[in-house]
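Participant:
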Amino acid sequence: METITRAIDSDSEMVAFGEQLGRIFAHHTGPLSVHLIGNLGAGKTTLTRGILRAFGHEGAVKSPTYTLVETYEFPSRRVYHFDLYRLGDPEELEYMGIRDYFVEHNLCLLEWPERGEGVLPAPDVMVNIAVQGAGRRVALQASDAALQAQLAHC
Numbered sequence: 001m002e003t004i005t006r007a008i009d010s011d012s013e014m015v016a017f018g019e020q021l022g023r024i025f026a027h028h029t030g031p032l033s034v035h036l037i038g039n040l041g042a043g044k045t046t047l048t049r050g051i052l053r054a055f056g057h058e059g060a061v062k063s064p065t066y067t068l069v070e071t072y073e074f075p076s077r078r079v080y081h082f083d084l085y086r087l088g089d090p091e092e093l094e095y096m097g098i099r100d101y102f103v104e105h106n107l108c109l110l111e112w113p114e115r116g117e118g119v120l121p122a123p124d125v126m127v128n129i130a131v132q133g134a135g136r137r138v139a140l141q142a143s144d145a146a147l148q149a150q151l152a153h154c
């Protein structure tokens, strides 16, 4: 699948880009798994803030580093924001019933998905965020051609 890349110059641009992604995710039917990949401070939670704003969330968005997951309820979709940074072993996800999150119209945003390798389902969308000078380089890939085409317009 082709990689779509975007240059992001500021936190406000990252939030705006997240809102564009969120609008696409809001209209997608069925469950969605989005893997957010990047080093500490790359902007994964900032992007998540934008995605949640597209659904109407106006409050703070914190990374669920200690709780592992934060839940956001919206009329059209339930969004789960995972941070697996402190996960000791992927098997811990089985104990928390991880497979139950990837159903219906749920959107699962996963920071540090590599920590759950072997347990997590394959991503529908992969978002790779890398520091590039003072900004960020975002690379997107979708497993579905129609979703990939929508992402190309962000």
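For the sequence shown, our numbering gives the first residue as 1, with consecutive numbering after it.
Every residue, glycine too, gets a C-beta built ideally from N, C-alpha and C.
1) What did DSSP end up calling F82 once you bin it into helix, strand or coil?
2) Using the Cα positions of F17 and P113, report the straight-line distance between them to the nearest angstrom.
3) How is the beta strand (DSSP E) around S12 delimited, first residue to last?
4) Consult DSSP for R115 and reduce its assignment to one of helix, strand or coil.
5) In terms of residues, what are the limits of the alpha helix (DSSP H) holding L93?
6) Note down, in chain order, each residue of its chain lying with its Cβ closer than 8 Å to the Cβ of L47, except the 5 sequence neighbours on either side.
7) Would you identify the three-state DSSP class for Y72, choosing helix, strand or coil?
8) Taking Cβ positions, are L107 and V79 nearer each other than 9 Å?
9) Taking Cβ to Cβ, would you say L87 is nearer than 9 Å to L68?
10) If you run the structure through DSSP and keep just helix, strand and coil, what is L110?
11) CA-CA distance, E94 and Q150?
12) Would the beta-carbon of H155 fall within 9 Å of that of P31?
13) If you count every other CB in all the chains shown that lies within 10 Å of the CB of V61, and 16 or more means buried, which is it?
Facilitator: Let me lay it out:
1) Taken through DSSP and simplified to helix, strand or coil, F82 comes out as strand.
2) F17 and P113: Cα-Cα distance of roughly 21 Å.
3) No beta strand (DSSP E) holds S12; the alpha helix (DSSP H) holding it covers 11-27.
4) DSSP places R115 within a helical segment (H, G or I) once states are collapsed to three.
5) Annotation for L93: the continuous alpha helix (DSSP H) segment containing it runs 91-95.
6) Within the same chain, M14, V15, F17, G18, L21, L36, V127, I129, V138 come within 8 Å of L47 by CB-CB distance, once the 5 residues on both sides are set aside.
7) DSSP, reduced to helix, strand and coil, places Y72 within a strand of the structure shown.
8) Yes, they are a contact pair.
9) L68 is positioned such that its CB atom lies closer than 9 Å to that of L87.
10) L110: strand per DSSP, three-state reduction.
11) Going from the Cα of E94 to the Cα of Q150 covers about 32 Å.
12) Outside the displayed range of the chain (1 to 154) lies residue 155, so it cannot be described from this structure.
13) Counting C-beta atoms within 10 angstroms of its own C-beta, V61 has 16 or more neighbours from the protein chains shown and is therefore classed as buried.
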